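Student: Chains as they are written, first to last, in my numbering: chain A, 9 to 326; chain B, 9 to 326; chain C, 9 to 326; chain D, 9 to 326.
The structure follows.
Protein chains: 4
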Amino acid sequence: MKEHLDAETVREWGRRYSNWGRWGQDDHRGTLNFITPARILEACALPRRGLVISCALPFDDKGPQTGLAGRHNPIHTMLADGGDALAGAQDFLPGGFRYADDSVTMPLQCGTQWNSLAHVFYDGKMYNDRDLCLVTSSGALANSIDRIKDGVVGRGVLLDMPRYLKLPWLDDGTRIRPEDLDACAEAFGVTVESGDIVLVRTGRMTRCLEQKSWAGYCGGGAPGLSVTCAGWIYTREVAAVATDTWGLEVIPNETPDCFQPLHMIALRNTGLLFGKIFQLDALANACAEDGNYAFLFTAPPLPITGAVGSPINPLAIK
Amino acid sequence: MKEHLDAETVREWGRRYSNWGRWGQDDHRGTLNFITPARILEACALPRRGLVISCALPFDDKGPQTGLAGRHNPIHTMLADGGDALAGAQDFLPGGFRYADDSVTMPLQCGTQWNSLAHVFYDGKMYNDRDLCLVTSSGALANSIDRIKDGVVGRGVLLDMPRYLKLPWLDDGTRIRPEDLDACAEAFGVTVESGDIVLVRTGRMTRCLEQKSWAGYCGGGAPGLSVTCAGWIYTREVAAVATDTWGLEVIPNETPDCFQPLHMIALRNTGLLFGKIFQLDALANACAEDGNYAFLFTAPPLPITGAVGSPINPLAIK
Amino acid sequence: MKEHLDAETVREWGRRYSNWGRWGQDDHRGTLNFITPARILEACALPRRGLVISCALPFDDKGPQTGLAGRHNPIHTMLADGGDALAGAQDFLPGGFRYADDSVTMPLQCGTQWNSLAHVFYDGKMYNDRDLCLVTSSGALANSIDRIKDGVVGRGVLLDMPRYLKLPWLDDGTRIRPEDLDACAEAFGVTVESGDIVLVRTGRMTRCLEQKSWAGYCGGGAPGLSVTCAGWIYTREVAAVATDTWGLEVIPNETPDCFQPLHMIALRNTGLLFGKIFQLDALANACAEDGNYAFLFTAPPLPITGAVGSPINPLAIK
Amino acid sequence: MKEHLDAETVREWGRRYSNWGRWGQDDHRGTLNFITPARILEACALPRRGLVISCALPFDDKGPQTGLAGRHNPIHTMLADGGDALAGAQDFLPGGFRYADDSVTMPLQCGTQWNSLAHVFYDGKMYNDRDLCLVTSSGALANSIDRIKDGVVGRGVLLDMPRYLKLPWLDDGTRIRPEDLDACAEAFGVTVESGDIVLVRTGRMTRCLEQKSWAGYCGGGAPGLSVTCAGWIYTREVAAVATDTWGLEVIPNETPDCFQPLHMIALRNTGLLFGKIFQLDALANACAEDGNYAFLFTAPPLPITGAVGSPINPLAIK
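This is the structure in structure tokens:
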């Protein structure tokens, strides 16, 4: 990286690593296009153990949110429950049938999540040359999460940085550069290929869970991808990147001139699917156990019409 | 089925088709236990086309809910959007970074969904001899949806009843009996095996979409599984059953003595995972196209702590 | 009114009836400023019967909303209830203390309501020359409802149009002009004075309740104030106007060139407080009973920070 | 107070201070019945200054809630805003009319509030011999807040304890006994009469605002009414009591045997309206200024059908 990454350089990188128009003007899927039918079939051939591992953090009021940007933890309420049955409120149902129903109020970015390609913009535009005027109080008319409802399925690759570095977790501010990703991949006998879904474990969440505190997790210091990964992501034709952090990128960002510069380049220009707040500890243990860092991966978003993200329960199948 | 299915007979069938204790007193997964690692590996070997098909209805205010039982369609609101960027509300973010965030308020049973094993009870108990007192305003302390977060992955089988019967859709009140399921399966060259996730298309949703009206869909008349399928489900060791209807069972129910008697038996006693409001039209077309009615199927629930259901985006991978 | 009320004429009237700057550049209260301490004391002297009458429609899922503009009826859920007590979920509380708590999700404009002065704008501005950029996803930084939290208290005057006209209700599309208001007031022995809160009953709600249908109530045809009332409101120095309709103005509007032209003029330029969906039937009966159409009136908004409206329970004290 | 207040004594006091049946078996208003028309007229005659003072804390995400009992601070979201207007999302509206709308999700007990008479129960009953089975996930079928929609209007009396004691605020755990209330009232030249709404300022909120921290406010230590006030409330025929604290009673409670024993007696048996989280600082200053501690008071609840409480904006009119 050059000495100082200014706002103009970020734009220059954006143009350099742009996929606008690559899959046509009607495209809303971005780098998910790299996951071809052939790649899906290869991914399906990976499992050896018949083991399924969730990469989702529980969605509840003990989640990581502390109010930043209006994001709060999920609010779960009951519409009907066992107490109602006891109180006789369901006696109108014949034969003793009784039931429970429930509801949730949750920001779509409050926990384990995909960002849609309408999540980030600059200079008035989002992915594929679309105007930000398309994203209003009524939702996103383009690049919304429901545009990728027939996904996300492909080959997942875990890059377990702290295990590679023999650390419990990476410190806040630790930059993960392309060469770090490559070295980690090589150490674990895996290579990142076109259409891969790359899961980068930093240990940031591990630390929160061990210390029983989410303080600083949302928006505070964090290890994460260096903005220099923009070229690596583009060239490798990565389909998606996800981490166990709030914002995927290293915080503090590598430049004071731009907030989340990798988002600016990779989400808006490259059309990359960003995953956040993934819980990768169980998967990391399973990979260490069997020595296999590639797996079938599936993480379908809820197709909420016009949404700019979705809570997900990502599954690794080994 | 005997002439009259009274409330006691439903209980008798419940005892007959019970899996309580089968996987231990600590089990919260029920028939998902039939999906063994071996079955998962077999399912992964099924895809031939590398094609992924969503079975979710869009989650939005045009959904099927009309207020029954307090269920409403999803309410999607924006926490930040392109308009804010235009208005200068995000100018504090350096480098021109702008973003959108959003939130949803939705009953967990409002659209394409899994019911957890805490969704239905009678005589004070739910699956695996657990007291309904465990399901209160604070959520379910047992049998909740987050207990199956490492799922659902397995072999899916589509039983496309209207296509088999050469009808656009089954009429309301049409009972689908075990022999109907078997005949349909045989006609399409597939057999239902232990651990399968059985998707039964009735065309009820097709009709609503064609007629552009959800009137009657929620709680009104519907084709659906006969209560006599309880034995078939139990014996075949089916892992899950889902339909394109509101309630899976035929409505009107086959007896006035019990509401949703198949739920009473199969959900509470057998521990079966019920799926509802699945959008199976695209999948049906794809199966008809390639003649292959078995596929890899994945439908991870959101692990909302203590929830009695979850919206899902089920994916069939062919 | 001239033959055709075009968009430019609306703006001209806006300038003519403007109160911008009248109470200083920092004013967020608009016509509520007409309610001086002296007027409040006069209003307090009005009651003769010691009778309090609510003018609120119940807030529940049987309300008038049918989805227009994203407005839905209130969703009321329980956080704790008697069933929980029965189920033992509150046994940790000593001495047998048990309790119930609840929550609501509601659009602030879904029922009986005040609009704040940030509710309507045109040509980039809202009341008192403020930019609409001040109203974003984070709420309104000016003219918000919490700015009038020390209100609304004053002299209320009911103008019961259908009773005056000896009709059960006014037909949809009926224009209520200044001369109609004056004639009605005179007939009932009351005059509208500076600082008054004028409640205009049209019978539109009466009709819905009698016909047991809200069809058309929200956004459909309605009797209501003519745009020509703009001058009357300005000259009389009315503090607030409220009706038993969805939108206060006559619908269809008197010109196709502007939507809700009276809002454009009176809310944005005059700074008038608009009240809607008032339930005025009980009050109308009480006024007819005692022949007294002026009363102490109080309708405090919830001071939700940055809100552009508030549900209210208006009280008339006779 | 006797040495030890055990659970049985609380019940004995409950019987002693019970108003069950006093206003008939159909009564849902409890002590509000003490506010007769004559008392309302007397209250209306009190104002001398024409001054209106809100006693509500702002409803926003800076509120006092920290998650106890599932209570969270209000969540305010926009359904339409100025940014939408800028983005062209409202261009379909003719003549340049533009608007903003909004929504709130809030526990009804999260801020300044009335508790309904369905808020507290013990031994299976709530006010007026009603079964707690009437309070389920569908709301309260009796004693709900909408039952008092034609209220609350009456004579308010402020008892400013810290000013009386020349303290900035009362310490946590400070018991306010009947004799303290009487002494304070006498010092400020006011007497508590039948039908009065008694506002007791403790300074607990003042302290939070001054220290810019709500830590401990909800459910933590607090000054408050002693359980011995139960008799005073009953005998004086108080219509309502409200404080600037979370729970009105002194915390720690005066006995470990019962949680909130004054609630048990006064809310359930006496049928007293409880008000909480009132912001009484501005009112206290105004009373000190003019030396008048009685005023017209109005605090209408939102008539949310079946609700067990309501956020309010209480107004004192001096």
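Just so it is clear, CB atoms sit at the ideal spot from N, CA and C, and this is done for glycine as well.
Keep in mind that this is a model prediction, so the values were computed, not measured.
Any residues in the stretch 262–282 of chain D with a beta carbon nearer than 9 Å to a beta carbon of chain C? Which ones, in chain order?
Tutor: The residues in question are Thr263, Pro264, Asp265, Cys266, Phe267, Gln268, Pro269, His271, Met272.
Student: Give me the chain B residues within the contact set of Ser111/D, using Cβ-Cβ distance strictly less than 7 Å, ordered along the chain.
Tutor: Here residue 111/D refers to the residue found at position 103 when the fourth sequence is read from its first residue. By Cβ distance, chain B contributes Thr85.
Student: Counting only runs of 4+ residues fully inside the stretch 266–301 of chain B, write out the alpha helix (DSSP H) ranges in chain order.
Tutor: 289–298
Student: Which of the three DSSP states, helix, strand or coil, is assigned to Asp139/B?
Tutor: Taking the first residue of the second sequence as 1, we reach residue 139/B at position 131. If DSSP states are grouped into helix, strand and coil, Asp139/B belongs with the strands.
Student: Whose Cβ in chain B lies nearer than 7 Å to the Cβ of Ala95/D?
Tutor: The residue you call residue 95/D lines up with position 87 of the fourth sequence. The answer, in chain order, is Gly90, Gly91, Leu94.
Student: Does the beta-carbon of Thr74/D, which I'm using as the reference point, lie nearer than 8 Å to any heavy atom of the ligand PLP?
Tutor: No copy of the ligand PLP appears in this structure; indeed no ligand is present at all.
Student: I need the straight-line Cα distance from Gly224/C to Phe305/C, nearest angstrom please.
Tutor: Here residue 224/C is taken as the residue at index 216 of the third sequence, counted from 1. Here residue 305/C is taken as the residue at index 297 of the third sequence, counted from 1. Distance between the alpha carbons of Gly224/C and Phe305/C: 29 Å.
Student: Please report how far the alpha carbon of Ile309/B lies from the alpha carbon of Leu116/B, in whole angstroms.
Tutor: Counted from its first residue, the second sequence places residue 309/B at position 301. Counted from its first residue, the second sequence places residue 116/B at position 108. In the sequence as displayed, the identity of residue 309/B is Pro instead of Ile. Approximately 10 Å, taken between the alpha carbons.
Student: Is there a Cβ of chain D sitting closer than 9 Å to that of Gly78/B, yes or no?
Tutor: What you label residue 78/B is simply residue 70 of the second sequence in a count that begins at 1. Chain D, which has a Cβ nearer than 9 Å to the Cβ of Gly78/B, makes this yes.
Student: Can you tell me whether Arg24/C is buried or exposed? The criterion is at least 16 other CB atoms within 10 Å of its CB, across all chains shown.
Tutor: Locating residue 24/C in the third sequence gives position 16, where the first residue counts as 1. When all chains shown are included, Arg24/C counts as exposed.
Student: Which same chain residues, not among the five before or five after Arg244/A, have their C-beta less than 8 Å away from its C-beta?
Tutor: Start at 1 with the first residue of the first sequence, and residue 244/A comes out as number 236. If we look at Arg244/A and ignore the five residues flanking it on each side, its Cβ neighbours are Val200, Glu201, Ser202, Asp204.
Student: Let me know the secondary structure DSSP gives Ile153/A once reduced to three states.
Tutor: As a working mapping, residue 153/A is identified with position 145 in the first sequence. Reduced to three states, the DSSP call for Ile153/A is helix.
Student: Does the stretch 258–267 of chain B touch the stretch 280–290 of chain B, meaning 3 or more C-beta pairs lie closer than 8 Å?
Tutor: Short answer: they don't touch.
Student: Going by other Cβ atoms of all chains shown within 10 Å of its Cβ, with 16 needed for buried, is Pro82/C buried or exposed?
Tutor: Translated into positions along the third sequence, residue 82/C becomes position 74. When all chains shown are included, Pro82/C counts as buried.
Student: Can you pull the chain A residues whose beta carbon is under 7 Å from the beta carbon of Gly75/D, in chain order?
Tutor: Taking the fourth sequence and counting its residues from 1, one reaches residue 75/D at position 67. What Gly75/D touches in chain A: Asp69.
Student: Compare the Cα-Cα distances from Ile241/A to each of Leu275/A, Gln219/A, Met213/A and report the closest residue.
Tutor: What you label residue 241/A is simply residue 233 of the first sequence in a count that begins at 1. Ranking the options by Cα distance to Ile241/A, first place goes to Leu275/A.
Student: Can you round the beta-carbon distance between Ala302/D and Leu281/D to whole angstroms, since I take them to be within the 8 Å contact cut?
Tutor: Taking the first residue of the fourth sequence as position 1, residue 302/D is located at position 294. Taking the first residue of the fourth sequence as position 1, residue 281/D is located at position 273. About 18 Å separates the two Cβ atoms, so there is no contact after all.
Student: DSSP beta-bridge partners for Glu257/D?
Tutor: Indexing the fourth sequence from 1 puts residue 257/D at position 249. In DSSP, Glu257/D forms a bridge with Leu233/D.
Student: Would you tell me roughly how many angstroms separate the C-alpha atoms of Asp168/A and Phe105/B, rounded to the nearest one?
Tutor: On the first sequence, position 160 is the one that residue 168/A refers to. On the second sequence, position 97 is the one that residue 105/B refers to. Spanning the two alpha carbons is a distance of roughly 29 Å.
Student: Based on Cα-Cα distance, which residue from Val18/B, Leu323/B, Gly229/B, Asp109/B lies nearest to Gly147/A?
Tutor: Taking the first sequence and counting its residues from 1, one reaches residue 147/A at position 139. It is Asp109/B whose Cα lies nearest to the Cα of Gly147/A.
Student: To the nearest angstrom, how far is it from the Cα of Asn21/A to the Cα of Ala93/D?
Tutor: As a working mapping, residue 21/A is identified with position 13 in the first sequence. As a working mapping, residue 93/D is identified with position 85 in the fourth sequence. According to the sequence as given, residue 21/A is Trp; it is not Asn. About 32 Å.
Student: Please compile the residues from chain B whose C-beta is within a distance smaller than 9 Å of the C-beta of Cys141/C.
Tutor: The residue labelled residue 141/C in the question sits at position 133 within the third sequence. Ordered by position in chain B, the residues that pass the 9 Å Cβ test against Cys141/C are Leu94, Ala95, Gly96, Ala97.
Student: Can you name the start and end residues of the alpha helix (DSSP H) that Val161/B belongs to?
Tutor: As a position in the second sequence, residue 161/B is number 153, starting the count at 1. It is not in any alpha helix (DSSP H) - Val161/B instead sits in the beta strand (DSSP E) that spans 161–168.
Student: Whose C-alpha, out of Thr74/B, Ala250/B, Pro186/B, Cys226/B, is nearest the C-alpha of Val208/B?
Tutor: Residue mapping note: residue 208/B aligns to position 200 of the second sequence, counting from 1. If we check each option's Cα against that of Val208/B, Ala250/B comes out closest.
Student: Quick one: measure Cβ to Cβ for Leu256/C and Leu233/C, integer angstroms, because I've assumed they're closer than 8 Å.
Tutor: Reading the third sequence from its first residue, position 248 is the one you call residue 256/C. Reading the third sequence from its first residue, position 225 is the one you call residue 233/C. Confirmed, Cβ separation roughly 6 Å.
Student: In chain order, what residues of the same chain have a beta carbon less than 7 Å from the beta carbon of Val18/A, not counting five sequence neighbours either side?
Tutor: Taking the first sequence and counting its residues from 1, the one referred to as residue 18/A is at position 10. Result list for Val18/A: Cys266, Pro269, Met272, Ile273, in chain order.
Student: So, at 6 Å on beta carbons, what are the nonlocal neighbours of Val160/C in its own chain, with the 5 sequence-adjacent residues on each side left out?
Tutor: Along the third sequence, read from residue 1 onward, the residue named residue 160/C stands at position 152. The answer, listed in chain order, is Ala307.
Student: Take Leu65/D as the anchor and find which of Leu142/C, Ala51/C, Asn321/C, Thr313/C has the nearest alpha-carbon.
Tutor: Position 57 of the fourth sequence, counting from 1, holds the residue named residue 65/D. Among Leu142/C, Ala51/C, Asn321/C, Thr313/C, the Cα nearest to that of Leu65/D is on Thr313/C.
Student: Nearest chain C C-beta to Thr144/B closer than 9 Å, yes or no?
Tutor: If you number the second sequence from 1, residue 144/B lands on position 136. Yes - at least one Cβ of chain C is within 9 Å of the one on Thr144/B.
Student: Using 8 Å as the cut-off, can you tell me whether the stretch 75–90 of chain B makes contact with the stretch 83–90 of chain D, which would need three or more C-beta pairs spanning the two stretches below that distance?
Tutor: yes
Student: At which residues does the beta strand (DSSP E) containing Pro309/D begin and terminate?
Tutor: Mapped onto the fourth sequence, residue 309/D falls at position 301. Segment: none, Pro309/D is in no beta strand (DSSP E) and carries neither H nor E.
Student: State the start and end residues of the unbroken beta strand (DSSP E) segment that holds Arg47/C.
Tutor: In the third sequence, the residue the question calls residue 47/C occupies position 39. No beta strand (DSSP E) holds Arg47/C; the alpha helix (DSSP H) holding it covers 45–52.
Student: Note down the Cα distance separating Gly78/D from Met114/D, rounded to an integer number of angstroms.
Tutor: Residue 78/D sits at position 70 when you count from the first residue of the fourth sequence. Residue 114/D sits at position 106 when you count from the first residue of the fourth sequence. Going from the Cα of Gly78/D to the Cα of Met114/D covers about 11 Å.
Student: Run the CB neighbour count on Thr44/B, radius 10 Å, all protein chains shown included, and call it buried at 16 or more, exposed below.
Tutor: For this step, residue 44/B is matched to residue 36 along the second sequence. Its Cβ having fewer than 16 others within 10 Å, Thr44/B is exposed.
Student: Cβ atoms of Lys326/A and Arg57/A: under 9 Å apart, would you say?
Tutor: Translated into positions along the first sequence, residue 57/A becomes position 49. Translated into positions along the first sequence, residue 326/A becomes position 318. Yes. Within cutoff.
Student: By the criterion of Cβ-Cβ separation under 9 Å, what are the contact partners of Arg57/C in chain D?
Tutor: The residue labelled residue 57/C in the question sits at position 49 within the third sequence. The answer, in chain order, is Pro45, Ile48, Leu49.
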